[in-house]
Amino acid sequence: MSANRLAQLQQALDERAAQQLLRTPVTLQQYNGRLLTVAGRHFINFCGNDYLGLATAPQVLQAFADGAMQLGAGSSGSPMVTGQHTVHQQLCDSLCDWLDVERVLLFSSGFAANQAMLLTLSNKNDSLLLDKLSHASLIDAALHSDATLKRFAHNDVTALHALLSQVKQPMVVTEGVFSMDGDSPDLPAMLKLCQQFNAPLLLDDAHGLGVLGPQGRGAAAAQGVTQQQLYCTMANFGKALGVGGAFLAGSKTVIDYIEQFGRHYIYSTALPPALCAAVLKSVALCRSESWRRDKLQSNIALFRHLATDLPLLNSQTAIQGLVLGSSQRAVAASVQLKQAGIWLSAIRPPTVPQGSARLRITLSAQHTEQDIHQLVQQLRQLV
Ligand SMILES: Cc1ncc(COP(=O)(O)O)c(C=O)c1O
């Protein structure tokens, strides 16, 4: 019996390998924000999410170290059982102040927070309307919920309108910046539609928080949409804020409800207090050091300017996609770039739709102009 099961697993692994879809974890020896070291070789990193360089900011590292010394490395239990540290509350207060939202709840990852958001807030009479390119964590959450899942064409307000007219109790879910394409929905237009159909709008702003809007308040703020107009927002600490973990934000009622009924919150160990101390510092730097966003914007503009002849996806954000089609082509391109000292992993199905394997270039405030010139020169040779 178990030999049979193992053979089935091995067969699935072999099939993935034959399709060039096997993911191979790489051990990094060092990471300093811009460069990473693998097997003694240095590479310029163009596939991380440390958009503002906060993952290695000395003040954040110091806050982490001080937090560990003063508060301990781990939280030792669920916040509902063991309780939470002052620093958890300080972080929540700081997020509420930054985003102008009533309440937030901390989670160990964005994946868990998205599960809690969709599973807890929807019920069997609801229809969850998700964008076709939604992140896996949203799709899985919707599939595991009691609600009915329906998908609309990517960022297509007309398609959303058609779906809204068909279903009884819609809830609309979208992302501030799509993780593989780097584009954003028209949030004011979506909000207007949602108001027309009395549908709550839920936002995953993993790639917008810190980067977009005044003081980095995220994609909604950048488009003039307030947190009060959204039903619930998920954003994480592991992207622009450079640390790890996530939060849900919303009205007191919505967050109180998730706190009481959200199984991913209740039955999970609270974030390590030292990590919260680091995120707290990171939020402060993110708000006050707008030069980080300015540098990122100028790097994005330089990249787009130098790469006008490359078939890039239409994105003005730090995520720039170069679709190559087959997985073989994307993997070969990635290998070639590594030979030239550029770390840029191939993104293949099922992460992206079949036939759209790509290089997903992510820019950071840490990159120099020279890095970007070098990248574009190498990409041009590939295309
Ligand atoms: C759009 C989006 N949502 C959610 C997540 C999950 O966040 P985390 O990595 O904190 O689990 C990610 C990150 O992979 C993401 O890109």
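Sequential numbering of the sequence shown, starting at 1, is according to the numbering used here. All C-beta atoms, glycine included, are put in the ideal place defined by N, C-alpha and C.
Output the residue ranges of the alpha helix (DSSP H) runs that lie fully inside the segment 200-244 and measure 4 residues or longer, sorted by chain position.
Entirely contained in the segment 200-244, the alpha helix (DSSP H) runs reaching 4 residues are, in chain order, 219-222.
Please state whether the Cβ-Cβ distance between residue 213 and residue 206 is less than 8 angstroms.
Taking 8 angstroms as the Cβ cut-off, residue 213 and residue 206 do not qualify as a contacting pair.
Is the beta carbon of residue 261 closer than 8 angstroms to that of residue 106?
Not in contact: residue 106 and residue 261 (Cβ atoms no closer than 8 angstroms).
Can you tell me whether residue 238 sits near ligand 1, meaning its C-beta is under 7 angstroms from at least one heavy atom of the ligand?
A heavy atom of ligand 1 is found nearer than 7 angstroms to the CB of residue 238.
Any chance the CB of residue 218 is under 7 angstroms from a heavy atom of ligand 1?
Judged by the Cβ position, residue 218 fails to qualify as a neighbour of ligand 1 at the 7 angstroms threshold, every heavy atom of the ligand being at least this far.
Verify the contact flag: residue 111, CB atom, against every heavy atom of ligand 1, threshold strictly below 7 angstroms.
Yes; taking the cut-off as 7 angstroms, the Cβ of residue 111 has a heavy atom of ligand 1 nearer than that.
Three-way DSSP call (helix, strand, coil) for residue 31 in this model:
Here residue 31 carries a strand assignment [DSSP, helix/strand/coil].
In three-state terms, what does DSSP make of residue 129?
In the displayed model, residue 129 falls within a strand according to three-state DSSP.
Among residues of its own chain, excluding the 5 on either side of residue 225, which ones have a beta-carbon nearer than 7 angstroms to its beta-carbon?
Same-chain partners within the cutoff: 187, 188 and 191.
Kindly examine ligand 1 and report whether one of its heavy atoms sits closer than 7 angstroms to the Cβ of residue 318.
Relative to ligand 1, even the nearest heavy atom lies 7 angstroms or more away from the CB of residue 318.
Based on Cα-Cα distance, which residue from 334, 263 and 33 lies nearest to residue 113?
If we check each option's Cα against that of residue 113, 263 comes out closest.
Straight-line Cα distance separating residue 94 from residue 228
So the alpha carbons of these two residues sit roughly 17 angstroms apart.
Please name the residue, chosen from 274, 332, 294 and 375, that lies closest to residue 310 on a Cα-to-Cα basis.
Comparing alpha-carbon positions, the option among 274, 332, 294 and 375 lying closest to residue 310 turns out to be 375.
Can you give me the C-alpha to C-alpha distance between residue 122 and residue 163, rounded to a whole angstrom?
Distance from the CA of residue 122 to the CA of residue 163, rounded to the nearest whole angstrom, comes to 17 angstroms.
Going by C-alpha to C-alpha distance, which of 65, 339 and 243 sits closest to residue 41?
Of the listed residues, the one whose Cα sits closest to residue 41 is 339.
Buried or exposed (CB count within 10 angstroms, at least 16 for buried), residue 380
Its Cβ having fewer than 16 others within 10 Å, residue 380 is exposed.
Is any heavy atom in ligand 1 found nearer than 7 angstroms to the beta carbon of residue 183?
Incorrect: residue 183 has no Cβ contact closer than 7 angstroms to ligand 1.
Member of 360, 101, 70 and 324 whose CA lies at the smallest distance from the CA of residue 382:
Across the set 360, 101, 70 and 324, the C-alpha of 324 shows the shortest separation from the C-alpha of residue 382.
Grouping DSSP H, G and I as helix and E and B as strand, with all else coil, what is residue 64?
Residue 64: helix per DSSP, three-state reduction.
Within the present structure, is the beta-carbon of residue 246 separated from the nearest heavy atom of ligand 1 by less than 7 angstroms?
Yes, Cβ of residue 246 sits closer than 7 angstroms to a heavy atom of ligand 1.
Starting from the C-beta of residue 60, find all residues in its chain whose C-beta is less than 8 angstroms away, skip the five residues before and the five after it, and write them out in chain order.
Shown here for residue 60: same chain residues with a beta carbon closer than 8 angstroms to its own, the five before and five after excluded, namely 54, 242, 243, 278, 281, 282 and 285 in chain order.
Whose CA, out of 304, 139 and 108, lies closest to the CA of residue 150?
Taking only the C-alpha atoms, the option nearest residue 150 is 139.
Output yes or no for whether 8 angstroms exceeds the beta carbon distance between residue 326 and residue 48.
The beta carbons of residue 326 and residue 48 sit no closer together than 8 angstroms.
Comparing the CB of residue 131 with every heavy atom of ligand 1, is any distance shorter than 7 angstroms?
At a threshold of 7 angstroms, residue 131 does not count as near ligand 1, since its beta carbon sits no closer than that to any of the ligand's heavy atoms.
Mapping DSSP to helix, strand and coil, what is residue 366?
Note: residue 366 maps to coil in three-state DSSP.
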